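Position 348, counted from 1, in the sequence shown is what the working numbering calls 356; the numbers after and before it change by one each time, with no gaps.
For glycine and all other residues, C-beta sits at the position ideal for the given N, C-alpha and C.
Remember, predicted model here, so these are calculated numbers, not experimental data.
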Amino acid sequence: MEDISPNSTDPCTLQYLAAPICLLYNNSQSKILPLAIQLGQTPGKENPIFLPSDDQYDWMLAKIWVRSSDFHIHQTVTHLLRTHLVSEVFGVAMFRQLPAVHPAYKLLLPHIRFTIAINTKAREQLICEFGIFDKANGTGGGGHVEMIQKAMRSLTFRSLCFPDAIKARGVDSPEDLPYYYYRDDGNRVWDVTKSFVWDVVCIYYDSDDTVQKDEEIQAFVKDVSSFGMQDLDCCGFPKSLKTREELTEYLTVIIFTASAHHAAVNFGQYDWCSWIPNSPPTMRKPPPKQKGVVDVKFIIQSLPDRGRSCWHLGAVWALSQFQENELFLGMYPDEHFIEKPVKEAMELFRKRLAEVSSVIKVRNEGKKLPYYYFSPDRIPNSVAV
């Protein structure tokens, strides 16, 4: 968020962004608590460190600023870039390089369907000039583009592999961080999906040599790397695949990103972002440069006005809705595959997904705050909203 340009499309309303640092502590009761917040990256007299022991409104506003910045990262990087735009890269390459009779095409099509269409709609209504971002978000007017450009530096292929991403963040240990259901449920869905993809890959590729000699799959992978990722050395996207394991992981990344990962970061937006102070889409006053100046009036004046709040609420509500004819993970009514072994693999996939849904349902019983965003019966096949 540092050096990102705030929204200046409305000359009547100044809008502000911050790049806060928040220190979190995992206590003995396995509760994660904020211990300190600095609202800028550079320490100094005009960038104080806010503490829970400070005046309640100083501390409250500091937390609101963290939540606002987190909203921008979530919406623009985690959601838009890492699910919508990445899935489009895979989709365009698939349509360019894989013929409709190719098994990888048949496998991926249900998870690419509607993605290019919904992204086109987003470019026309959300992230375009005078779109929702310009109307309601503090990163509108070009800041969201700057964020994506910066985030591309850390967008690697390994970061799209769910277990690797969790480990890279240091939150892979259930002993050190219990009750982290995003990790636990995500790993379950990843494992089941990867097992299904492996079953399908082994039906059509009897050896690693078969993968290497598949010119169409190699052209597909090269297209993603060369055109989608512009051959950026930092991204680590493979330019070729040499083994069945590599092909399985590659296809799993595509399916998981478009289905499970998108569902997990998208369909909870109304739950978490509809209470404006919990996820302000913009702020109308700059971060305080000293302690003791914040009161309730100051906080209200900092939060977005009624109009921007309404635009925000409408957006997160719409994004959180399933379609009337939604096809959830494992549903393949269009029979692209006619081979019996593949149909058997699909049936096993659905059975394992149902088991994961059952485990999540049982765990959530009686919880004040259930977590169900990775439940397979709530995961659409593709990025369709």
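query	result
For M68, the three-state DSSP class (helix, strand or coil)	helix
DSSP three-state assignment for F58, whether helix, strand or coil	strand
Member of E373, S76, S233, F345 whose CA lies at the smallest distance from the CA of P28	S76
Where C169 sits in the DSSP three-state scheme	coil
I346 classed as buried or exposed, judged by whether at least 16 other C-beta atoms fall within 10 angstroms	exposed
Contact check, S16 vs E154, beta carbons under 8 Å	no
Close Cβ partners of I140 (< 7 Å) along its chain, the five nearest in sequence each way excluded	Q133, L134, W319, A323
Strand pairing of A133, partner residues [DSSP]	This sequence places Gln at residue 133; Ala is not what is there. DSSP output for Q133 lists no bridge partner at all.
Environment of V370 [buried if 16+ CB atoms lie within 10 Å]	exposed
Top-ranked residue by Cα proximity to A227, from C243, P288, K250, I120	K250
Beta-carbon contacts of I57 that lie in its chain and below 6 Å, excluding the five residues immediately before and after	A44, Q46
Unbroken alpha helix (DSSP H) run spanning A323, endpoints	314-327
Among I387, R316, H269, nearest to P288 - alpha-carbon criterion	R316
Between the CA atoms of L255 and T218 - distance to the nearest angstrom	11 Å
Distance CB(K247)-CB(V229) smaller than 8 Å	yes
Beta-carbon proximity list for W73, same chain, < 8 Å, skipping 5 on both sides	A26, P28, I45, L47, M291, P295
Check whether S328 and Y381 have beta carbons under 8 Å apart	no
Touch test, the region 342-357 against the region 190-208, Cβ-Cβ under 8 Å, three pairs minimum	yes
6 Å CB neighbourhood of L69 in its chain, flanking five on each side removed	V302, I307
D193 classed as buried or exposed, judged by whether at least 16 other C-beta atoms fall within 10 angstroms	buried
Neighbourhood of N286 by C-beta distance below 7 Å, restricted to the same chain and skipping five residues each side	R75, W280
Inter-residue Cα distance where the pair is P107 and V232	16 Å
Extent of the continuous alpha helix (DSSP H) to which Q46 belongs	Not the alpha helix (DSSP H): Q46 falls in the beta strand (DSSP E), residues 40-46.
Segment limits, beta strand (DSSP E) that includes I29	29-34
Contacts around I40, its chain only, beta-carbon distance under 6 Å, and the 5 residues preceding and following it disregarded	L32, N34
Euclidean distance between Cα positions of D66 and G149	29 Å
Whole-angstrom C-beta distance between L163 and L89, which should lie under 8 Å	7 Å
Close Cβ partners of E54 (< 8 Å) along its chain, the five nearest in sequence each way excluded	K297, Q298
Distance between F165 and Y190 (C-alpha atoms, nearest Å)	20 Å
Contact set for R196: own chain, Cβ-Cβ below 6 Å, skip 5 residues either direction	V364
Rounded separation between Q23 and K71 - CA only	18 Å
Close Cβ partners of L356 (< 6 Å) along its chain, the five nearest in sequence each way excluded	none
Reduced DSSP secondary structure (H/G/I, E/B, other) of M291	strand
L240 versus S234: straight-line alpha-carbon distance, rounded	8 Å
Per-residue burial, L377 [other beta carbons within 10 Å of its own, 16 or more giving buried]	exposed
Beta-carbon spacing of A268, L361 below 8 Å	no
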